[in-house]
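**Student:** Taking the working numbering, the leading residue of the sequence shown gets 64, the next gets one more, and so forth.
Dumping the structure here so I can ask a few things about it.
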Amino acid sequence: MALVEQATQEALLASGAEVSPGNAPSGISSTKPPQKKARIGPVGKKASSNGDRPSCRLEQIPLEILAEILSYVPYPTVILALARCSKYFCHILVNNPSTTFIWRSARNRCVLPCGSKLPEPTANFTEASYAAFVFDYGHCEICGDHIPRMYTSYSLRARICYKQRCRDTWNQDKLIAMDTREHPRYKGITSWIPLMETTHPIDTTARVRKQDWRAAVDEYNRTVLEHSTIEELVAKKDPLAKKLAAVYDLSKSLICFRDKWETLCATTQRSNETTAARIASREGWTLHELMGTRTYGLLHRSKTAILEKVTHEDYQMVRDQVDKEMVEHRTRVSRREAEAAYKMRREDVAAHYTRLKSAPNPVEVLPSLPEFRKLSVMKVLQGRGGAKDAGVGEELKDSKLVHALLANNLSQWREEARSALAGVLGFPGWRTASKKKVHPVDRLTARFICKKCSSKGKGGEALTFAEACGHRCACLNKKQRARETWSASLFEPDVKAIDAVTMILAAIGTTAEDLKARLLVDDMQSRLLCTACPAAIAMTFEMAVRHSKRHERPAFELASEDDARLHLYGACPVKSGLAARLIGGRPEERSKKQYACRHCQQAVREAASAKERATTPIRSASVGAADQEAVSNAAVDPVSNDSNAPQEEHRSPAASPQLCDDAVGVTSAEAPDTSNKRADRKAARMAKGQAFSFDGLRSHLKEKHRILHIGDEDIAFSPTLA
Numbered sequence: 064m065a066l067v068e069q070a071t072q073e074a075l076l077a078s079g080a081e082v083s084p085g086n087a088p089s090g091i092s093s094t095k096p097p098q099k100k101a102r103i104g105p106v107g108k109k110a111s112s113n114g115d116r117p118s119c120r121l122e123q124i125p126l127e128i129l130a131e132i133l134s135y136v137p138y139p140t141v142i143l144a145l146a147r148c149s150k151y152f153c154h155i156l157v158n159n160p161s162t163t164f165i166w167r168s169a170r171n172r173c174v175l176p177c178g179s180k181l182p183e184p185t186a187n188f189t190e191a192s193y194a195a196f197v198f199d200y201g202h203c204e205i206c207g208d209h210i211p212r213m214y215t216s217y218s219l220r221a222r223i224c225y226k227q228r229c230r231d232t233w234n235q236d237k238l239i240a241m242d243t244r245e246h247p248r249y250k251g252i253t254s255w256i257p258l259m260e261t262t263h264p265i266d267t268t269a270r271v272r273k274q275d276w277r278a279a280v281d282e283y284n285r286t287v288l289e290h291s292t293i294e295e296l297v298a299k300k301d302p303l304a305k306k307l308a309a310v311y312d313l314s315k316s317l318i319c320f321r322d323k324w325e326t327l328c329a330t331t332q333r334s335n336e337t338t339a340a341r342i343a344s345r346e347g348w349t350l351h352e353l354m355g356t357r358t359y360g361l362l363h364r365s366k367t368a369i370l371e372k373v374t375h376e377d378y379q380m381v382r383d384q385v386d387k388e389m390v391e392h393r394t395r396v397s398r399r400e401a402e403a404a405y406k407m408r409r410e411d412v413a414a415h416y417t418r419l420k421s422a423p424n425p426v427e428v429l430p431s432l433p434e435f436r437k438l439s440v441m442k443v444l445q446g447r448g449g450a451k452d453a454g455v456g457e458e459l460k461d462s463k464l465v466h467a468l469l470a471n472n473l474s475q476w477r478e479e480a481r482s483a484l485a486g487v488l489g490f491p492g493w494r495t496a497s498k499k500k501v502h503p504v505d506r507l508t509a510r511f512i513c514k515k516c517s518s519k520g521k522g523g524e525a526l527t528f529a530e531a532c533g534h535r536c537a538c539l540n541k542k543q544r545a546r547e548t549w550s551a552s553l554f555e556p557d558v559k560a561i562d563a564v565t566m567i568l569a570a571i572g573t574t575a576e577d578l579k580a581r582l583l584v585d586d587m588q589s590r591l592l593c594t595a596c597p598a599a600i601a602m603t604f605e606m607a608v609r610h611s612k613r614h615e616r617p618a619f620e621l622a623s624e625d626d627a628r629l630h631l632y633g634a635c636p637v638k639s640g641l642a643a644r645l646i647g648g649r650p651e652e653r654s655k656k657q658y659a660c661r662h663c664q665q666a667v668r669e670a671a672s673a674k675e676r677a678t679t680p681i682r683s684a685s686v687g688a689a690d691q692e693a694v695s696n697a698a699v700d701p702v703s704n705d706s707n708a709p710q711e712e713h714r715s716p717a718a719s720p721q722l723c724d725d726a727v728g729v730t731s732a733e734a735p736d737t738s739n740k741r742a743d744r745k746a747a748r749m750a751k752g753q754a755f756s757f758d759g760l761r762s763h764l765k766e767k768h769r770i771l772h773i774g775d776e777d778i779a780f781s782p783t784l785a
């Protein structure tokens, strides 16, 4: 901002304005805050980058030597391009009157092979502006596209592209043909309106812009209505008419020069392209490859720009360099093709790995994808050379030999992994002759944890043997993953998960070595209750292993199928994988309010059940007291003598021992069932009133129950809750 203020003050001082004492220009308040912040950082960065930029060699050449170099330029277009390269060249070539001779000399040398010469400019042009006026490209006046074409009409300063639609629009909507025979009174107007050049020997009709014609007619009619003489108007327009006549003559000459210039450009370009195609064919290259080389491409473009043809001698001077660049180009192409083929083979291997992982019933354990690529048969397939046989997808699908070799490699890898991970569990070199003992890594107690992930706080879940074999650390970036190598030393036993599994197996009366342990665990389904939670919730075996990490002292109990604590799970069973599926995406399902909290459900149910159990003995006692009173009243009160009344209506339960026993039996048997049903209904009503979206349920669990990582056992899902 200081630089801006200083520049403002200098400009005002130069113009004679006063400057206030507070280092601020007069008329500008010094206390007014700036509207924009001063960009100090980026400006300094740009300055440093400009300082690091290599200097231009041409700027270091003295002006006299530069003028001598430019004296060999055949056309002003080269000087025009140089003047637009930088502010330095614009200053010394355009804004410097002493360099006008450079432009004039180039214009005098601008003689086409056919003998046509660039016309002399009129007095209103400088040499630089005249070169830009003649040779510049621009935008089409109709469609607005930038086109590499000179003016269509120099007199009208109009540029139209080659599209027929634009030409028709230009002729019909923008131009008007002046026929003085139809309007003889407007005959004199044509002298002070810019006319479009006509070089056709037959069609000599004068055409002007519609807007210019209408403006001139309006001025003419206004002059007549104001009682001014036409002679006065003609005299007034006489200087303009003389200038337009000179411009029209120059424009006609420029149109002829332009046509020959464009013809020469097209001829030169075709000739140079033909020469390049002939050279490429003779050398055994393609035209695209030859034009893509740095040396010949520069030669071709430079010669075409100055309208010179590439000769055989020109090519012989750069042939060795072009051949060297072509060898480098062919090497790059072959390397690029080999890399593309290698990438395709790797993609085929990854697709085959995905196919094996997503098989309907995958029986065997698979390594991670990087380890799968390191198998010997995969190395051979991926590293096979040649770009023609790029893909290996068909071989991986159909080749029996590849299938057999891959099965053998996977079998060897699995045996090594089983032995190594068994050592991690504390069974190095484990062997047994018994067929009734399960291998340590196949037991339910085979639970691992990744040391690297746990140290980063990103992998606290227990891994089975299959999950450990396919594990890839999530805490690593892309480069670290590329260098990562799978090893059993990366894992350690998950002691807490192993203790929880041992506890559960002991509760169902089996051990991890038993072959039937897995079948017994599968039969449990979701009848495993965590009694360490404030309200016991049900879960499956795998959920219990993960759930055990929440408690310092986990405790589990196997409930029977008719356990009252499982009644609510009949309508809303536990859904395995629900939490992972919702966390991974599915925004529509996440937003629906169809999820309830298991902990709150079970807590309400237990509270209602306890209340019902507390009130049931009181009700039984009151019923017993009423029966005793009825028996005593029956013994004291006389029986009614009304013969029409039935005798059974006056008999008390005590008068019939069988009836009394039945009544008491029904009350004592139905009381627990009634209390359980009432508790279940109350819990269901509470759950429906406390329905959450999935994200709302996660927030509820964190705030009320201090559960940071939601699990399937925490979710009560039912579409009827919505």
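Glycine included, C-beta positions come from ideal geometry on N, C-alpha and C.
Here the structure is a predicted model, which means the values were calculated and not measured.
Rounding to the nearest angstrom, what Cα-Cα distance links residue 276 and residue 256 in this structure?
**Tutor:** As a working mapping, residue 276 is identified with position 213 in the sequence shown. As a working mapping, residue 256 is identified with position 193 in the sequence shown. Those two C-alpha atoms are separated by around 7 Å.
**Student:** Determine the burial state of residue 154: buried for a count of at least 16 other Cβ atoms within 10 Å of its Cβ, exposed for fewer.
**Tutor:** Here the question's residue 154 lines up with position 91 in the sequence shown. It counts as exposed.
**Student:** For residue 659 and residue 568, I'd like the C-alpha separation in whole angstroms.
**Tutor:** The count along the sequence shown starts at 1 and reaches residue 659 at position 596. The count along the sequence shown starts at 1 and reaches residue 568 at position 505. Near 30 Å, if we compare the C-alpha coordinates of residue 568 and residue 659.
**Student:** Just reading off the alpha helix (DSSP H) that residue 213 is part of, what are its end residues?
**Tutor:** Locating residue 213 in the sequence shown gives position 150, where the first residue counts as 1. Counting along the chain, residue 213 falls outside any alpha helix (DSSP H), and DSSP gives it neither H nor E.
**Student:** Taking the alpha helix (DSSP H) that residue 556 belongs to, which residues open and close that run?
**Tutor:** Translated into positions along the sequence shown, residue 556 becomes position 493. From DSSP, residue 556 is part of no alpha helix (DSSP H) but of the beta strand (DSSP E) over 554-556.
**Student:** Which of the three DSSP states, helix, strand or coil, is assigned to residue 656?
**Tutor:** Sequence index remark: in the sequence shown, residue 656 carries index 593 (1-based). If DSSP states are grouped into helix, strand and coil, residue 656 belongs with coil.
**Student:** Just to confirm before moving on: does the CB-CB distance between residue 139 and residue 186 stay below 9 Å?
**Tutor:** Numbered from 1 along the sequence shown, position 76 holds the residue referred to as residue 139. Numbered from 1 along the sequence shown, position 123 holds the residue referred to as residue 186. It is not a contact, given that the beta carbons lie outside the stated cut-off.
**Student:** Measuring CA to CA, which of 527, 303, 223 is closest to residue 488?
**Tutor:** For the purposes of this step, residue 488 is taken as the residue at position 425 of the sequence shown. The residue with the shortest Cα to Cα distance from residue 488 is 527.
**Student:** Determine the burial state of residue 177: buried for a count of at least 16 other Cβ atoms within 10 Å of its Cβ, exposed for fewer.
**Tutor:** Along the sequence shown, one-based indexing puts residue 177 at 114. Looking at its Cβ environment, which holds fewer than 16 other Cβ atoms inside 10 Å, residue 177 is exposed.
**Student:** Would you say residue 653 reaches chain B, if we count a Cβ-Cβ gap shorter than 9 Å as a contact?
**Tutor:** The displayed structure is made up of one protein chain only, and chain B is not part of it.
**Student:** Could you tell me whether the region 553-564 touches the region 476-494, using the rule of 3 or more Cβ pairs below 8 Å?
**Tutor:** These segments touch.
**Student:** For residue 610, which of 459, 775, 516, 181 has the nearest alpha-carbon?
**Tutor:** Mapped onto the sequence shown, residue 610 falls at position 547. Residue 775 is the option with its Cα nearest to residue 610.
**Student:** If the criterion is Cβ atoms closer than 9 Å, does the pair residue 601 and residue 637 meet it?
**Tutor:** As a first step, residue 601 is located in the sequence shown; it is residue number 538 there, counting from the start. As a first step, residue 637 is located in the sequence shown; it is residue number 574 there, counting from the start. For residue 601 and residue 637, yes; Cβs fall inside 9 Å.
**Student:** With distance defined between alpha-carbon atoms, name the residue in 311, 446, 405, 517 nearest to residue 253.
**Tutor:** As a working mapping, residue 253 is identified with position 190 in the sequence shown. It is 311 whose Cα lies nearest to the Cα of residue 253.
**Student:** In its own chain, which residues sit with a C-beta less than 6 Å from the C-beta of residue 198, not counting the 5 before and 5 after it?
**Tutor:** As a position in the sequence shown, residue 198 is number 135, starting the count at 1. Cβ neighbours of residue 198 beyond the five flanking positions: 140.
**Student:** How many Å lie between residue 773 and residue 563 at the Cα?
**Tutor:** Walking along the sequence shown from the start, residue 773 turns up at place 710. Walking along the sequence shown from the start, residue 563 turns up at place 500. Whole-angstrom Cα-Cα distance: 19 Å.
**Student:** From 121, 196, 525, pick the residue whose C-alpha is nearest to that of residue 317; which is it?
**Tutor:** Taking the sequence shown and counting its residues from 1, one reaches residue 317 at position 254. Residue 317 has its Cα closest to that of 196, out of 121, 196, 525.
**Student:** In whole angstroms, what separates the C-alpha of residue 224 from that of residue 217?
**Tutor:** Working through the sequence shown from its first residue, we reach residue 224 at position 161. Working through the sequence shown from its first residue, we reach residue 217 at position 154. Cα to Cα, residue 224 sits roughly 15 Å from residue 217.
**Student:** Hey, how far is the Cα of residue 466 from the Cα of residue 381?
**Tutor:** For this step, residue 466 is matched to residue 403 along the sequence shown. For this step, residue 381 is matched to residue 318 along the sequence shown. The alpha-carbon atoms of residue 466 and residue 381 are separated by roughly 55 Å.
**Student:** Nearest by alpha-carbon distance to residue 356: which of 336, 386, 375 is it?
**Tutor:** What you label residue 356 is simply residue 293 of the sequence shown in a count that begins at 1. Per the Cα distances, 386.
**Student:** So does the region 419-434 actually touch the region 458-465, counting three or more Cβ pairs closer than 8 Å?
**Tutor:** They do not touch, by the three-pair rule.
**Student:** For residue 362 versus residue 373, is the C-beta spacing smaller than 9 Å?
**Tutor:** Indexing the sequence shown from 1 puts residue 362 at position 299. Indexing the sequence shown from 1 puts residue 373 at position 310. A contact, by the Cβ cut-off of 9 Å.
**Student:** Residue 587 bridges to which residues according to DSSP?
**Tutor:** Counting from one through the sequence shown, the residue named residue 587 turns up at place 524. None; residue 587 has no bridge partner.
**Student:** Look at the alpha carbon of residue 226 and the alpha carbon of residue 379, and state the distance between them as a whole number of angstroms.
**Tutor:** Indexing the sequence shown from 1 puts residue 226 at position 163. Indexing the sequence shown from 1 puts residue 379 at position 316. One C-alpha to the other measures close to 41 Å.
**Student:** Helix or strand or just coil, what does DSSP make of residue 92?
**Tutor:** Mapped onto the sequence shown, residue 92 falls at position 29. For residue 92, the pLDDT reaches just 42, beneath the cut-off of 50, and the residue's location in the model is therefore unreliable, although a value from the coordinates is still provided. Residue 92: coil per DSSP, three-state reduction.
**Student:** Look up residue 601 in the DSSP assignment and give the residues it is bridged to.
**Tutor:** Position 538 of the sequence shown, counted from the start, is the residue given in the question as residue 601. For residue 601, which the question treats as bridged, DSSP gives the partners 592.
**Student:** For the beta strand (DSSP E) that contains residue 240, what are its first and last residues?
**Tutor:** For the purposes of this step, residue 240 is identified with residue 177 of the sequence shown, where counting begins at 1. Element bounds for residue 240: 238-241.
**Student:** On the premise that residue 604 lies in contact with residue 591, defined as a C-beta separation below 8 Å, what is that separation, rounded to the nearest angstrom?
**Tutor:** For the purposes of this step, residue 591 is taken as residue 528 along the sequence shown, with counting starting at 1. For the purposes of this step, residue 604 is taken as residue 541 along the sequence shown, with counting starting at 1. Right, their Cβ atoms sit about 6 Å apart.
**Student:** Let's see if you can read the secondary structure: which residues bound the beta strand (DSSP E) around residue 778?
**Tutor:** Looking up residue 778 in the sequence shown gives position 715. 778-780 is the span of the beta strand (DSSP E), which, as asked, contains residue 778.
**Student:** Would residue 777 be called buried (16 or more neighbouring beta carbons within 10 Å of its own) or exposed?
**Tutor:** As a first step, residue 777 is located in the sequence shown; it is residue number 714 there, counting from the start. Classification of residue 777: buried, given that the 10 Å Cβ count is 16 or more.
**Student:** Can you tell me whether residue 763 is buried or exposed, with buried defined as 16 or more other CB within 10 angstroms of its CB?
**Tutor:** Residue 763 sits at position 700 when you count from the first residue of the sequence shown. Residue 763 comes out buried.
**Student:** Sort 673, 617, 613, 614 by Cα distance to residue 628 and report the nearest one.
**Tutor:** Locating residue 628 in the sequence shown gives position 565, counting from the first residue. The option with the nearest alpha carbon to residue 628 is 673.
**Student:** Contact between the region 122-138 and the region 154-174 is defined here as three or more beta-carbon pairs at a separation below 8 Å; is this criterion met?
**Tutor:** Yes, since at least three Cβ pairs between the region 122-138 and the region 154-174 fall closer than 8 Å, the two stretches touch.
**Student:** When DSSP builds the beta bridges, which residues end up paired with residue 621?
**Tutor:** If you number the sequence shown from 1, residue 621 lands on position 558. The partner list for residue 621 (beta bridge, DSSP) reads 591.
**Student:** Report all residues from its chain with a CB closer than 7 Å to the CB of residue 503; omit the five preceding and five following residues, and keep chain order.
**Tutor:** Sequence index remark: in the sequence shown, residue 503 carries index 440 (1-based). Answer for residue 503: 485, 488, 490, 493, 509, listed in chain order.
**Student:** So, using beta-carbon positions, are residue 480 and residue 516 closer together than 9 Å?
**Tutor:** Taking the first residue of the sequence shown as 1, we reach residue 480 at position 417. Taking the first residue of the sequence shown as 1, we reach residue 516 at position 453. Contact flag unset, no.
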